[in-house]
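Q: In the working numbering, the protein residues as written are 26 to 328.
Using N, Cα and C, we set each Cβ at its ideal position, and we do this for glycine too.
Predicted model only: the values in this text are computed from it and were never measured.
Below is the structure I would like to discuss, written out as structure tokens.
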């Protein structure tokens with residue numbers, strides 16, 4: 026063991042030790058850090074190429090930042106591919122995933138540009154929908170918090186997780202179709218601990234799956250979806266709000282194609298616009314920021 030320790034200390038600081046390399050020396054190793062993957066949105070070909078390029082070990086967790094389906098050409102294939110990864114795949118719900126659930130529940134009608142018919146017409150559609158509604162809204166491993174869109178400045182990671190769990194329990198319950206009817210709309214746009222019922226649920230879901238901009242008090246703005254420099258007056262990217270309570274946790278998210286890939290010490294934004302002809306991105310979510318390597322594949326315009 027001492028010789029292994031000396032070998033690792035002698036490596037350059039930016040050298041990434043592959044788990045296989047250490048395992049080959051006959052010693053146990055810690056589980057590899059998860060790999061975060063951006064919004065797939067039904068772009069199964071790009072996902073397959075990205076996974077081939079990554080070549081993750083069998084014990085590497087794969088964290089999907091939501092919006093697994095819709096707008097791309099192969100939503101059914103993408104969903105099956107992710108389900109086929111088994112328990113190693115951690116996929117949080119995005120707004121497009123919730124839209125699919127709402128269509129399946131009879132709450133929404135399909136929109137122009139949706140590419141969800143193949144899922145809804147599949148012989149095992151009920152099983153696919155059941156799998157999707159049992160996905161988390163947020164995932165936290167004690168170091169990293171995964172959500173689709175963002176975290177309100179009043180919430181730390183544990184509060185965000187607790188609030189998400191309440192929504193998940195409703196989506197996974199027998200009355201999930203009725204619950205979905207209450208989730209749509211932009212009001213209220215500000216969190217308050219005293220919120221109850223439908224208003225409380227709506228703020229939680231909107232923050233975690235739709236938010237891009239908010240003001241210093243956490244009031245959300247849903248009309249703007251451009252780059253950070255297009256923020257309406259008084260608003261800013263949610264992760265730039267001063268003294269936000271989740272700043273001590275690495276927050277990993279997608280949703281914001283105009284923002285693009287961002288790798289900071291405190292946040293990692295993964296949506297690099299694959300469905301719009303950009304890239305599908307993956308980032309090794311190492312606790313050490315110096316080891317957060319990026320892998321991307323090009324995507325032809327899918328819309």
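Can you say whether residue 255 is buried or exposed, counting buried as having 16 or more other CB atoms within 10 angstroms of its CB?
A: exposed
Q: Could you tell me the alpha carbon to alpha carbon distance between residue 68 and residue 229, rounded to whole angstroms?
A: Just so you know, the alpha carbons of residue 68 and residue 229 end up roughly 28 Å apart.
Q: By the 10 Å Cβ neighbour count, where 16 or more other Cβ atoms means buried, how is residue 273 classified, buried or exposed?
A: exposed
Q: Would you call the CB atoms of residue 138 and residue 119 closer than 8 Å?
A: no
Q: Name the one or two DSSP bridge partners that residue 66 has.
A: DSSP, once it has assigned bridges, lists no residue as partnering residue 66.
Q: What residue from 223, 216, 307 has the CA that sits closest to residue 239's CA?
A: 216
Q: Locate the beta strand (DSSP E) running through residue 277, then write down its first and last residues.
A: 275 to 278
Q: So, do the segment 260 to 270 and the segment 157 to 170 have three or more beta carbon pairs nearer to each other than 8 Å?
A: The segment 260 to 270 is not in contact with the segment 157 to 170.
Q: Report, in whole angstroms, the separation of the C-beta atoms of residue 144 and residue 100, which I expect to be a contact under 8 Å.
A: 6 Å
Q: Out of curiosity, what's the CA-to-CA distance linking residue 260 and residue 147?
A: Taking the straight line from one Cα to the other gives about 43 Å.
Q: Which of helix, strand or coil does DSSP assign to residue 217?
A: coil
Q: Any heavy atom of the ligand MN closer than 7 Å to the CB of residue 191?
A: Summarising the ligand content, the structure contains no ligands, and the ligand MN is consequently not present.
Q: Can you give, in chain order, each stretch of the alpha helix (DSSP H) that sits fully within the segment 165 to 232 and has at least 4 residues?
A: 182 to 196, 201 to 205
Q: Between the alpha carbons of residue 280 and residue 247, how many angstroms are there, rounded?
A: 13 Å
Q: Would you call the CB atoms of residue 277 and residue 88 closer than 8 Å?
A: Cβ atoms of residue 277 and residue 88: closer than 8 Å.
Q: Give every residue of the same chain whose Cβ lies closer than 7 Å to the Cβ of residue 108, excluding the five residues on either side of it in the sequence, and list them in chain order.
A: Around residue 108, the same chain offers 156 as residues with beta carbons nearer than 7 Å, after the five sequence neighbours per side are excluded.
Q: What is the DSSP secondary structure of residue 131, reduced to helix, strand or coil?
A: In this structure, residue 131 counts as coil in the three-state DSSP scheme.
Q: When DSSP labels each residue in this structure, what does residue 239 get in the three-state scheme?
A: strand
Q: Name the two residues that bound the continuous alpha helix (DSSP H) containing residue 309.
A: Note, residue 309: premise wrong, no alpha helix (DSSP H); beta strand (DSSP E) at 304 to 309.
Q: Do residue 172 and residue 233 have their C-beta atoms within less than 8 Å of each other?
A: A Cβ-Cβ contact shorter than 8 Å links residue 172 with residue 233.
Q: Residues in its own chain within less than 8 Å of residue 310 by CB, not counting five upstream and five downstream?
A: Within the same chain, and ignoring the five residues on either side of residue 310 in sequence, the residues whose Cβ sits closer than 8 Å to its Cβ are 58, 59, 60, 61, 88, 169, 275, 277, 293, 317.
Q: What is the C-beta distance between residue 323 and residue 63, in whole angstroms, given that I count them as a contact (C-beta under 8 Å)?
A: The Cβ separation is near 13 Å, so there is no contact.
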